[in-house]
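Only one structure is covered here, and it is reproduced in the block below.
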Amino acid sequence: MKQKLLLLIFFTAEIGSAGAQGVLYKKTDTVSAAGTAAQQAEQAAPADTIGFVPYNALMRNSSGAVSLIPARDAEISPYADINQALIGKATGVEVRIPSAEPGKRNAAFIRGLSSLMLDNADVMNGQPTYVVDGIPLILDHPFAYDIQRFGVNRLGTEINLLSFLNINDIQSIEVLKDFEATAKYGPLAANGVVNITTYGPRAGKLRVSVNSYVGYALSPDISTTNAAYERDFRLPFYQQYASTGQWQNFPAYLADSTRPEYYGAADWDDLYYRNAWSDGIQAAISGGGRLANFRFSIGQLSDQGVADGTGMNRYNVNFGINIMPVKDLLITTRISAATINRTRNHFLRDRISDEDYVIDLETPPSPNKAILQQYYDYLADGIDDNKDNTIQVMANAQYTFSDKWKLNSRFGIDYVQNFRDLFIPSTLGDGNNFASNFQGLNKRLVWDNSLEYHEDIRDAHHFGVTLGMYTQWDKWSYNYGKAYKGKSDYIKVYEQFNNSNNYQLTANYKDILQSNLASFYANLDYNFKEKYFLSFYLREDGSSDIPAENKWLFSPTVSAAWELSHEKFLSLPSWVNKLNLRASWGLVGKRLPYDYYNAGPVYDVNIGWNGTPNVSTYDAYPVLNASYGLGYITEGIQWPVVEQGNIGLQAGFFDKRLRLQVDFYAKTYRDLLLKVPVMEEHGYTGVVKNGMDIRNRGYEVSLEGDILQKKDFQWTAGFSAYANSNTLMALPGGAHDITIGDRHLVVGKPVDDYWVLVNDGIYRSDEDVPVDPATKEKMSYQGLALRAGDPRWRDLNGDYVIDERDRVLKGSLSPDIAGSFTQTFQYRNMTLGFLFNYAFGREVINQALADRFDFANREGADDLTGVKEVTYWQQREEDYESIPQYNPWSPVQPYQANQTLFLQDASFIKLRTVSFSYDFRGKWMKKAGIERFRLYATADNLWTRTPYKGGDPEAVSYFGYDEGDYNWGFPKRFVLGFNFRF
Amino acid sequence: MTMQKIFIFFFLALLGTGWMSCHKMLDIPSKRAVAAPNMWQTKNDAWAGSSACYGLARAALANENAHWAYGELRGHDFAVTSRGDLNAVVDNKLTANYATMDEWRDWRRFYAAIDQCNLAIQKLPLVPERDYRYSTSEMKLDLAQVRAVRAFLYYYMVRIWGDVPLVTTPSDGSFGNVQREDWHKVLELAAEDARAAFDDLPWRYNGKSPEAPGNYRGQAESHWAGIAASKGMVLTLLAHIYDWEENYTEALKYCDQLMDNQSNTNYQLVTTDQLTKLNGTFKGRLDIPGGNIFQLDFNMTHTEYSTTGQLEDWTLHEPDIPKKESELYVEKDTILGIFDEKSDQRKDKYFINMDDEHPEFYKLKQVDALVQNPPLRFYTSAIVIFRYEEMYLLRAECRTRLGMTLDAVEDLNTVRAKRGLLPMNGTPSQDELLDAILQERRRELMGEGWRWYDLVHFKKVPQYTNLTEEAVTNGAIYWPVSKAALEQNPMLTQNSFWK
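Sequence lines, in order, name chains A and B.
Under my numbering, the final residue of the first sequence carries the number 982; numbering is consecutive throughout.
Under my numbering, the final residue of the second sequence carries the number 1481; numbering is consecutive throughout.
If you want it as structure tokens, here you go:
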């Protein structure tokens, strides 16, 4: 069948190929397949197809719940990182990008949350495993947060490690979700797997491909303000509520309207924002003989941010080689290296966090361009080198010593260096300079050996057995040094542990974390006549993070599939071309985030206090104390596990013009570690123990149809939806609920709901405040009697005291349902595609709005809440009318963020991408030796519809709080590019 | 076929060695934390474990300037410029909803220090057997210091919360709940600890006492004076414990014992200049011989500085620290009212910018030379707990209460003379004398975290604050217990006034 797959699409309706057949070979090593299969695939692609590379059955090393993002999508929509490429294209994946700052780390969650979402460490520990050609990437570890007072950014570069791959080197991205697809990754699969296959070496004539694009992003449209606007905003509050003392504290910069710095021109945006360019170029060459062939590619990318002079640059090299030194022995190696420079933002907040020093916040930045220019000029005198280098090496040897036996050995290294040199000149730090130096290292070694055997009996019974051993060594380390008050602004570099005469106030830190994993696995596959499929995966995993008595975890998974369309007796109607039913169940371990859980109670160095967390000595003597801050670590900690069941259906109807994939799943994380608050009278902040269970349940649907299939014109439409709901199933020790920070966790409820007070308006007068008939006392907020101008919060338990017991769990950032629509039109050589994505039932706390009203507590405050950025001086499209005019000075904190007043619906529909491409075809190309020549134009983020008033509904923190100017939405971007291969 | 066999053999061998090596690769101790069985093995462990007791005590007092939130703010001598949380403390709205307020209500940090003391008391005696370099006598000295710290912590907590749970053993991981203990019982234990510590502590760390022969931990006296607990510190603590219990006979006994041993303690009354100058009393270690009996120290040269945790953060402003306005100040009228005697040297040393709207409290200004010009907001002043002048005033109070008026006046006049005041004449009544002592304490100890406890102890809370006599009887003198503590330990009850 000549089926032209028009895939500007996202989903895995790869039904045409024998998906089920893949099952048998799924344990065929990805990597060994990559060389051969990729070359077959490329060779198989006739020059006149529009570029879609048919997905070879062998390549489909996994079936099951998988979302596939084909290469073509990535090629014409060039993103600098993998997670962005998943948005709207993979079901079951929620990507959270708090800021569109180029090259900055972001997050993706596959099938819901694998833990609580309380801090940045939880986000980092909840990430899927990204596997590139069989090597699982090592990501950054949150341990550096431990020495930070303000964890705005993790120490180091905060460069997105998923930006290292050049999108043009990628042949496919698969999101693997159920255990049928991921069992082979064992504990690495606990949060799902994103499997990336790059173009490998190929045999044949030399082939050169060149891909390049130029993009242009538009600066946002804002209206700036000066102090008059802010004064007008605040005056009504002052007039209504302020006491003499409060009037006296009216901020000086707002009071004096003759000061041109604040009451003059508000033209900061001219300098702050720009229309930003991005560009990328990549060239690859591949070829060689059957016994030795190679691929080499080199690429560059630069991406400017629209705001604050941010940007990133990446250079990468990729070299792959296949050789067959003796018969039946195939050796594949790939080395790739990349370097990224990221120019960071210049937020005061981030700088305070980096310096661990709160500068004078009483005078905010001026809205004036000249003053902003001066600020930038001062910064230019400093240094902010922010660079990651990475090298990945993969070597695979496969020996096929009969048609039934195969031996495979793979060795991989992933090595990431982070460097940051920061120097802030004295002009910016209240007269004092600051220097710091960070050198971080992530290192992963993997070694995987397996023996495979397969047997076909009478062409009906197919058996496959794989036995193997996998080992992985992980190490994270860093050296960090900082120094305040250097004598000279000309000495800009600080060297750690090196007493320099220039710096006297220095502090140096060093930390190392190691985590090793060893696994033995056995896989058993069976299929009967390509109709019934059965597979077992049995593993024994050992982790260095687990105490000796529980070190090894046995984890089984089983999967089965039934190819109904191959059943004669069912006599399916002829329009049913494909019907495959599959189910899988199993459990795998989930690795622990730290190495100190393996020995029961511990001692560490933690004698700091709020504001000064890093003191390690008393009167110059080093200390070692029981782990009060870390929590009491119980003996005998066990492996947390994730148990997942999945039922799925793949179907093709009407000559496979209508394609459907449906999956239902229940995924339960059991025995997760949690620091549970404990009686305080032993000084511990909590007890760390197993026992938290979180269940994610949901479904994923993808439907795609070729609505029109004429010779010259094709129209394909797609729709996808996924829903996930998480529930806290158990807490350690059988507790029913706990409160951690501003989150409250109740068994049976979602783990990421906000915990809010319910607003019912305002008390206009003291008399309006209800009085408890029993005690004759007025309704109070935690014991403070409510008064005129205070919010009327709902007293849910009727005890006339508004407190924690009157808070409700409501709303969460996780959408109830999300997905995408696509439309693809092809007319002759032209293809036009639209990608919409949507999310409904998604709520955000509009912190930025709350903060604006909460000026009384934040003005000049001596911590991060007192920070104002230059972006403060702009008008916002908020719904101010809906916010009552409370007394902002009231000690009941009327404008605290966690109340229903600021809980807002942030559902959205976005037109994420519109793309147009033109593929040249014809005899002249063949003559000229050109295999592919495609021009394309893509536009991103053109249109959004949302009830949310606080800006881009997706630009919020990982935890669902809109931090206003700190969360940059993605700009509208237009890209022009070409793909060329000859 | 042989080739295959070789490969299979090779593979199995690989698996075999893999199995063996796995055990090794999976057995790596954390480099970030020390497993409990590996602690308390060596001399260094003992040092680190006992220093941690001081360190955690410092953390408890420095956290959000707790020492002053508890001891100073409620006394109303200081006024607040704008911070809502400080205002709430001054107004005695101790249930207000501020992050800092949660910290002040919470006693976890105190119990962390106490638990560490309990651990050290249990484990230190085991160390000499394990490490011959750690002699039993050195262990006894460390142990005595730890007991002194624990005694101090319980005394300190009783003044804040009244009845507090009495925990004397380290956690064994079971975390059974404990009740609040009658505060007299708690002080009994504190006194017992202090007395036990007395025997093994030296008067001075000058290497010339049998309890600490030679340089303690290789450091000269200047490293330890006023910092490591000494016999003098313990006597001072005991005097205060009994004073708080209104057992003035016992209190006086310890006051006398301390002062009679001046030749041993080497404590001296300091001049007003010494008290207030840079690198004077509030630096502590440079001020020898001086009057600091016990301080929680910040050793600047070892980067023990903080960005919060000292009063200076609240009271200073430009040009000493980069801050336009301080959080706290003393109103001019208040100053003139308190320092109403002309010859008082303290007024001009304690305050500058008198004619500003917010006069600056300038008694504590330990802005180290390293962080000046231009200033950097790092504070290194010691949290001074006990000093010698305060002991004279304490003895004066005890003597007054016991009817020894003349002796009391003499003590009072000793301090007054040091500050340029004329001696108190005549024979005042007991009440007059107590008022004079309270007033002298107010002047001498201003900003050192005594005022609130003095008002409580002298029963003057209603006169100086917005709390009524009834509120005081109801328990308003104590802080509420934090929600977090109450929630985790159902056997706890909230202080009556804050229910």
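We put the CB at the ideal spot given by N, CA and C, even for glycine.
I need the straight-line Cα distance from F980 of chain A to F836 of chain A, nearest angstrom please. Roughly 28 angstroms separates the two Cα atoms.
Applying a beta-carbon distance threshold of less than 7 angstroms, which residues of chain B neighbour Q893 of chain A? For Q893 of chain A, the C-beta contacts it makes with chain B under 7 angstroms involve N1079, in order along the chain.
Going by C-alpha distance, which of A:Y948, A:W924, A:G811 is nearest E878 of chain A? When only C-alpha atoms are compared, the closest one is A:Y948.
Hey, could you find the ends of the beta strand (DSSP E) V1349 of chain B is sitting in? Element bounds for V1349 of chain B: n/a, residue is neither H nor E.
One or two residues paired with H744 of chain A in a DSSP bridge: DSSP output for H744 of chain A lists A:T739 as bridge partner(s).
Determine, using beta carbons only, whether D267 of chain A comes closer than 8 angstroms to chain B. Not one chain B Cβ lies under 8 angstroms of D267 of chain A.
Closest to A276 of chain A by CA distance: which of A:F233, A:S219, A:L422, A:D940 is it? Minimum Cα distance to A276 of chain A is reached at A:S219.
Helix, strand or coil for W715 of chain A per DSSP? DSSP places W715 of chain A in strand when its eight states are reduced to three.
For I1013 of chain A, return the contacting residues in chain B, with the cut-off set at a CB-CB distance below 8 angstroms. For chain A, the structure presents residues 1 to 982; residue 1013 of chain A sits outside this window and is missing.
Near P46 of chain A, which residues of its chain fall below 7 angstroms by C-beta distance, leaving aside the five closest residues on each side in sequence? Any reading at P46 of chain A must be qualified, since the residue scores a pLDDT of 32, below 50, and its modelled position is unreliable; no value is offered.
Within 8 angstroms of any Cβ in chain A, is that where the Cβ of K1305 of chain B sits? Output row for K1305 of chain B: interface = yes.
What number of angstroms, rounded off, separates the C-alpha of M1021 of chain B from the C-alpha of L165 of chain A? One C-alpha to the other measures close to 45 angstroms.
With a floor of 4 residues, list each alpha helix (DSSP H) that falls wholly inside the stretch 305 to 367 of chain A, ordered by position along the chain. Listed in chain order, the alpha helix (DSSP H) elements of length 4 or more contained wholly in the stretch 305 to 367 of chain A are 348 to 355.
Residues in its own chain within less than 8 angstroms of G761 of chain A by CB, not counting five upstream and five downstream? Here the set comprises P791, R792, P884.
In this structure, how does DSSP classify P640 of chain A when only helix, strand and coil are distinguished? DSSP places P640 of chain A in coil when its eight states are reduced to three.
CB-CB length for A217 of chain A against S278 of chain A, believed under 8 angstroms: So it is a contact: roughly 7 angstroms between Cβ atoms.
Could you run through the stretch 655 to 679 of chain A and flag, in chain order, every residue whose CB is less than 8 angstroms away from some CB of chain B? From the stretch 655 to 679 of chain A, only P677, V678, M679 have a Cβ closer than 8 angstroms to chain B.
Which complete beta strand (DSSP E) runs does the stretch 591 to 624 of chain A hold, if anything under 3 residues is left out? Here the runs fully enclosed are 602 to 604.
Would you call the CB atoms of S353 of chain A and F150 of chain A closer than 8 angstroms? Yes, they are a contact pair.
Output the boundary residues of the beta strand (DSSP E) element that contains M692 of chain A. M692 of chain A -> beta strand (DSSP E) spans 687 to 709.
Verify whether the separation of the beta carbon atoms of Q282 of chain A and N211 of chain A is less than 8 angstroms. The Cβ atoms of Q282 of chain A and N211 of chain A lie closer than 8 angstroms to each other.
8 angstroms Cβ cut-off: residues of chain B touching Q782 of chain A: The answer, in chain order, is T1077, A1078, N1079.
Give me the chain A residues within the contact set of Q1098 of chain B, using Cβ-Cβ distance strictly less than 8 angstroms, ordered along the chain. Listed along chain A, the residues sitting closer than 8 angstroms to Q1098 of chain B by beta-carbon distance are N625, A626, Y628, G683.
At the 8 angstroms Cβ level, is P1301 of chain B part of the contact set with chain A, yes or no? Not an interface residue.
How many Å lie between M1215 of chain B and G1208 of chain B at the Cα? Distance between the alpha carbons of M1215 of chain B and G1208 of chain B: 8 angstroms.
Paired residues, beta bridge with M1473 of chain B - DSSP: In the DSSP output, where bridge partners are listed per residue, M1473 of chain B has none listed.
Pairwise C-alpha distance: D604 of chain A and R1014 of chain B: The alpha-carbon atoms of R1014 of chain B and D604 of chain A are separated by roughly 7 angstroms.
Are three or more beta carbon pairs between the stretch 393 to 412 of chain A and the stretch 367 to 381 of chain A nearer than 8 angstroms? By the Cβ rule, the stretch 393 to 412 of chain A does not count as touching the stretch 367 to 381 of chain A, because fewer than three pairs are nearer than 8 angstroms.
Going along chain B in order, which residues have a C-beta closer than 7 angstroms to the C-beta of V769 of chain A? Within 7 angstroms Cβ-Cβ: nothing; V769 of chain A doesn't reach chain B, min ~16 angstroms.
Name the two residues that bound the continuous alpha helix (DSSP H) containing E1294 of chain B. That run of the alpha helix (DSSP H) goes 1294 to 1297.
For V393 of chain A, which of helix, strand or coil comes out of DSSP? Secondary structure of V393 of chain A (DSSP, three-state): strand.
Hey, how far is the Cα of L745 of chain A from the Cα of V771 of chain A? Roughly 31 angstroms between the two C-alpha positions.
Should M1009 of chain B be flagged as near chain A, meaning a C-beta pair shorter than 8 angstroms? Here the sequence assigns Asp to residue 1009 of chain B, which means Met is not the residue at that position. Yes, its Cβ sits closer than 8 angstroms to a Cβ of chain A.
Between Q1256 of chain B and G1262 of chain B, what straight-line distance do the alpha-carbon atoms span, to the nearest angstrom? Each residue's Cα considered, the two are about 5 angstroms apart.
Reduced DSSP category for H141 of chain A - H, G, I as helix; E, B as strand; rest coil: Reduced to three states, the DSSP call for H141 of chain A is coil.
Those runs of the alpha helix (DSSP H) which lie wholly inside the stretch 113 to 158 of chain A and span at least 4 residues: Listed in chain order, the complete alpha helix (DSSP H) runs (minimum 4 residues) inside the stretch 113 to 158 of chain A are 120 to 125.
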